[in-house]
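Numbering (my numbering), first residue to last: 86 to 497. Even glycine gets a Cβ: it sits at the ideal position worked out from N, Cα and C. In what follows, a single structure is set out as structure tokens and then discussed.
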């Protein structure tokens, strides 16, 4: 059902592009005093430029890949004085980009949601820039260059907000993701967005003065930023893979149930996303959930086994191991507190227990019930319900139920 709604919205967007292209073309041809070819050439040039650049993407902190097409659209808005030319070029470029992405979907890894987000965002930017630029130009209060910069800044900010809203709306087609989480996730991409807009603005301002050299002036600084974003993405992926590998050590050694850490992390992340936690909190939660049993590697010491231990001891030892990496200091704190009850007798809720630790506690207990005890999803969820008095936070238990409903494990 969700996929059908998204496909319907995409069809509406295609119809809008067709109507826009026809309307802008008719307007442009009606205003031109020269030949039709003289008007069409810049339209085709900018449409081609935006289409080609749109195929290039850059990894963003949100986990998606942003198209560079908006950077070319920024340059076009600065260098094109005719509104009809800009509108027609953007409509044609979005249509061409959609066709290319659909035919190269496996290579570009782009979806209907990406097309819809980019289309609405670029159209919003173009309209906002033209309105702001014209208003500032009529008042003659700023230098022409500053008028351009202010216009791009205002329109770019609106583009960023609208794009985040559309991305969140598209993501809401998955009922297990909270709108707040999707909104915050989209806002994480601000650094990449600034670099793209800066490159487009720089090209637009320097082209009249430098000609072809403007390409180097705009592209070289952005290229360093693009490389940095690619390396940052690669580092995050490698870091996550390393943590997943380390989390397997207790399981490989037979000191923890096989696959427990991965299943716990997967469920904990789903609960956190459903509750609308900040994306950075979700990442830390995932790391903590993956390594929540890493303290079990100490159980191969006969002295420790002989002396006896508790779950709290294992959590504390695991926390001490994780804390050896300064970057994971907060993650170690989450692991250390994973077995604390969410409230104490006479206290409504213990504010010192992080919500991430409470989520790990619920996710781990549910997986234990499913695998170690062999209980059904309903029976496992009931065990969580029975601990609402002190052990498990009812809000997290409710979120767990909604996640299980979405996954089809339970029906209510």
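Give the single residue among the options whose Cα lies nearest to the Cα of residue i.
i	options	result
residue 128	177, 120, 152, 155	177
residue 186	163, 141, 168, 371	141
residue 149	249, 236, 419	249
residue 364	338, 331, 146	146
residue 328	311, 347, 316	347
residue 181	243, 170, 225, 134	134
residue 238	160, 311, 303	160
residue 325	313, 312, 367, 484	367
residue 307	474, 472, 278	278
residue 394	406, 381, 405	381
residue 472	124, 446, 314	446
residue 202	137, 304, 97, 482	97
Please report how far the alpha carbon of residue i lies from the alpha carbon of residue j, in whole angstroms.
i	j	result
residue 355	residue 488	7 Å
residue 412	residue 375	16 Å
residue 435	residue 428	5 Å
residue 207	residue 158	8 Å
residue 290	residue 252	30 Å
residue 361	residue 263	5 Å
residue 276	residue 480	34 Å
residue 209	residue 247	8 Å
residue 113	residue 131	15 Å
residue 462	residue 342	18 Å
residue 222	residue 232	7 Å
residue 99	residue 92	11 Å
residue 357	residue 281	31 Å
residue 270	residue 335	32 Å
Among all the DSSP beta bridges, which residues are the ones paired with residue i?
i	result
residue 150	144
Quick one, are the C-beta atoms of residue i and residue j less than 8 Å apart?
i	j	result
residue 179	residue 102	yes
residue 403	residue 377	yes
residue 332	residue 385	no
residue 370	residue 469	no
residue 442	residue 419	yes
residue 432	residue 311	no
residue 204	residue 218	no
residue 299	residue 288	yes
Skipping 5 residues on each side, what residues in its chain have a beta carbon closer than 6 Å to that of residue i?
i	result
residue 455	465
residue 448	349, 352, 353
residue 139	152, 154, 182
Excluding five sequence neighbours on each side, which residues of the same chain lie with their C-beta closer than 7 Å to the C-beta of residue i?
i	result
residue 234	286
residue 422	438, 439, 442
residue 172	105, 109, 211
Ignore the nearest five residues each way along the sequence and tell me which others in residue i's own chain have a CB closer than 8 Å to its CB.
i	result
residue 414	408
residue 323	none
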